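Asker: Heads up, this note's numbering is the position in the sequence shown plus 37, with the first residue counted as 1.
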Amino acid sequence: MAGRERLRGERPVTVLHLCCFLWALFSLCQNVGLPNSPRRDSETTYGGRWKYLTFLNQILQTVLFGLCTLMDAVHMFLPTRQRSISRLLPLKDFIFSVLVFPVGLFVAITFWTLYAYDRELVYPKELDEVNPSWLNHTMHTTILPLLLIELVSCPHKYPHKLKGIIGLSIFGSSYLTW
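1) Does DSSP put Leu-126 in a helix, a strand or coil?
2) For the alpha helix (DSSP H) holding Thr-178, just list the boundary residues, first then last.
3) Pairs of beta-carbons, one from the region 153 to 172 and one from the region 61 to 72, closer than 8 Å: are there three or more?
4) With a threshold of 7 Å on Cβ separation, who are the neighbours of Gly-141 within its own chain once the five nearest residues in sequence on each side are excluded?
5) Mapping DSSP to helix, strand and coil, what is Trp-215?
6) Give the single residue among Phe-138, Ala-145 and Lys-129 whose Cα lies nearest to the Cα of Leu-104.
7) Taking the alpha helix (DSSP H) that Tyr-152 falls in, what are its first and last residues?
8) In terms of alpha-carbon separation, which member of Cys-57, Val-50, Val-135 and Ala-153 lies closest to Ile-207?
9) CB-CB under 6 Å to Arg-43, same chain, minus the five flanking residues each way: which ones, in chain order?
10) Can you round the beta-carbon distance between Gly-209 and Phe-131 to whole angstroms, since I take them to be within the 8 Å contact cut?
11) Does DSSP put Glu-42 in a helix, a strand or coil?
12) Compute the beta-carbon to beta-carbon distance between Asp-109 and Thr-51, rounded to the nearest angstrom, for a pair I have assumed lies under 8 Å.
13) Using 8 Å for Cβ pairs, my map puts Phe-148 next to Phe-102. What's the rounded Cβ distance?
14) On a CA-only basis, which of Val-100, Leu-90 and Gln-119 is nearest Ser-211? Give me that one, please.
15) Would Tyr-160 and Tyr-152 be called neighbours here (beta carbons separated by less than 9 Å)?
16) Roughly how many angstroms separate the alpha carbons of Pro-116 and Thr-150, rounded to a whole number?
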């Protein structure tokens, strides 16, 4: 437990979380603000952008890094509130280990595997005119290094395997059935 407390709230980790949160928030806002192309009529079709796992992953990462930033800031600047904010630690660990890391890993690996096999399956050339390449890499490439940095820089307490599998299964089932 001492190792977990040692890293949480230190300035470099707080700066890392803040940068990741601002980057995730900025890219999410840019993604939402993109105009629709004929191939990407996400606003008028069932589910809109919410049907894309990449979009859900962006939201999950933004929530995670926002929560990390909030917890780090309270830890640094309001030590008297430290006890109340520590109640969020299990939630943050659960979100990271059960949702954000597995979904982010799946999105990055699946996207680039399908892209290498046949680009038209996941990212047609006409999207290059609408979606800037830096945003594509933000949604499908940089997520993995950021998650790996989070994994190494901040120890997490992982839930029991059964709870993790159940949580991820509920998320996956909900995504597939809605």
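Built from N, CA and C at the ideal position, the CB exists for glycine as well.
Keep in mind the model is a prediction, meaning the values are calculated, not measured.
Answerer: Reading from the atomic positions:
1) Here residue 126 corresponds to residue number 89 of the sequence shown, with the count starting at 1. Three-state result, Leu-126: helix.
2) Here the question's residue 178 lines up with position 141 in the sequence shown. Where Thr-178 is concerned, there is no enclosing alpha helix (DSSP H), given that its DSSP letter is neither H nor E.
3) At 8 Å Cβ cutoff, the stretches touch.
4) Translated into positions along the sequence shown, residue 141 becomes position 104. The answer, listed in chain order, is Asn-94, Gln-98, Ile-180, Leu-181 and Leu-184.
5) For the purposes of this step, residue 215 is taken as the residue at position 178 of the sequence shown. Here DSSP, grouped into helix, strand and coil, assigns Trp-215 to coil.
6) Within the sequence shown, residue 104 is the residue found at index 67, counting from 1. Sorting Phe-138, Ala-145 and Lys-129 by C-alpha distance to the C-alpha of Leu-104 places Lys-129 at the top.
7) Working through the sequence shown from its first residue, we reach residue 152 at position 115. Taken as a continuous stretch (DSSP letters only), the alpha helix (DSSP H) holding Tyr-152 covers 138 to 154.
8) Here residue 207 refers to the residue found at position 170 when the sequence shown is read from its first residue. When only C-alpha atoms are compared, the closest one is Val-135.
9) The sequence position of residue 43 within the sequence shown is 6, counting from 1. For Arg-43, the predicted model reports a pLDDT of 43, less than 50, meaning its position is unreliable; a value from the coordinates is still stated below. Within the same chain, Arg-43 has no close Cβ partners at all.
10) Here residue 209 refers to the residue found at position 172 when the sequence shown is read from its first residue. Here residue 131 refers to the residue found at position 94 when the sequence shown is read from its first residue. Going by Cβ atoms, the distance from Gly-209 to Phe-131 rounds to 16 Å, so no, they are not a contact pair.
11) On the sequence shown, position 5 is the one that residue 42 refers to. For Glu-42, the pLDDT reaches just 47, beneath the cut-off of 50, and the residue's location in the model is therefore unreliable, although a value from the coordinates is still provided. Helix at Glu-42.
12) Your numbering for residue 109 matches position 72 in the sequence shown. Your numbering for residue 51 matches position 14 in the sequence shown. Asp-109 to Thr-51, Cβ: 4 Å. Contact.
13) Counted from its first residue, the sequence shown places residue 148 at position 111. Counted from its first residue, the sequence shown places residue 102 at position 65. Going by Cβ atoms, the distance from Phe-148 to Phe-102 rounds to 20 Å, so no, they are not a contact pair.
14) By one-based count along the sequence shown, residue 211 stands at place 174. The shortest C-alpha separation from Ser-211 is found at Leu-90.
15) As a working mapping, residue 160 is identified with position 123 in the sequence shown. As a working mapping, residue 152 is identified with position 115 in the sequence shown. Yes; because the gap between Cβ atoms is below 9 Å, this pair is in contact.
16) As a working mapping, residue 116 is identified with position 79 in the sequence shown. As a working mapping, residue 150 is identified with position 113 in the sequence shown. Each residue's alpha carbon lies about 46 Å from the other.
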